[in-house]
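For the sequence shown, my numbering gives the first residue as 3, with consecutive numbering after it.
See below for the structure under consideration.
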Amino acid sequence: MNVSAATRLSILRFLKTFPRSFRIDGPRVEIQRQIGNAVPSLLAEALAREIVSQVTGKSFSGRYNLEVERAQTIAPPEPVFDVPQEYLPLLGKHAPHPGTVKGRSYQNNHPQKTQPYFNLTSR
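Laid out in structure tokens, this is it:
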């Protein structure tokens, strides 16, 4: 399955329960880092409600504002395939990745060093 970078970022944003109206601008790598480092919005809302409840005694009822609705249907599992032969030579022990923006493609001035600019908002 070939998924575009914008679609992958939208999926990440969904998993972190960002509101649909929340706008994230910037290069793909930066958006990925921001989303990856973010506390899921729904978790933040739950913690905030509990803190307010304990400090003020105010209780909350009802659904969370950022709650994600349960899917009506669940997709069937994708089939499992053997690893393609072309990737088997990559098996083995390797040095750990040197860190964000320090990988081989950046060290070798790979053309992808300049990331495309995304404006990630829901439609």
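Positions of the beta carbon are idealized from the N, C-alpha and C atoms, including for glycine.
Out of curiosity, what's the CA-to-CA distance linking G59 and R65?
-> Each residue's alpha carbon lies about 19 Å from the other.
By DSSP, does G28 sit in helix, in strand, or in coil?
-> In the structure shown, G28 sits in a strand (DSSP, three-state: E or B).
Going by beta carbon distance, what residues of the same chain come within less than 6 Å of R51, once the five residues before and after it are set aside?
-> Excluding positions up to five away in sequence, the list reads F62.
So, are the CB atoms of Q34 and L14 less than 8 Å apart?
-> With a cutoff of 8 Å on beta-carbon distance, Q34 and L14 are scored as near each other.
State the DSSP-derived secondary structure class of I76, mapped to helix, strand or coil.
-> It is coil, neither helix nor strand.
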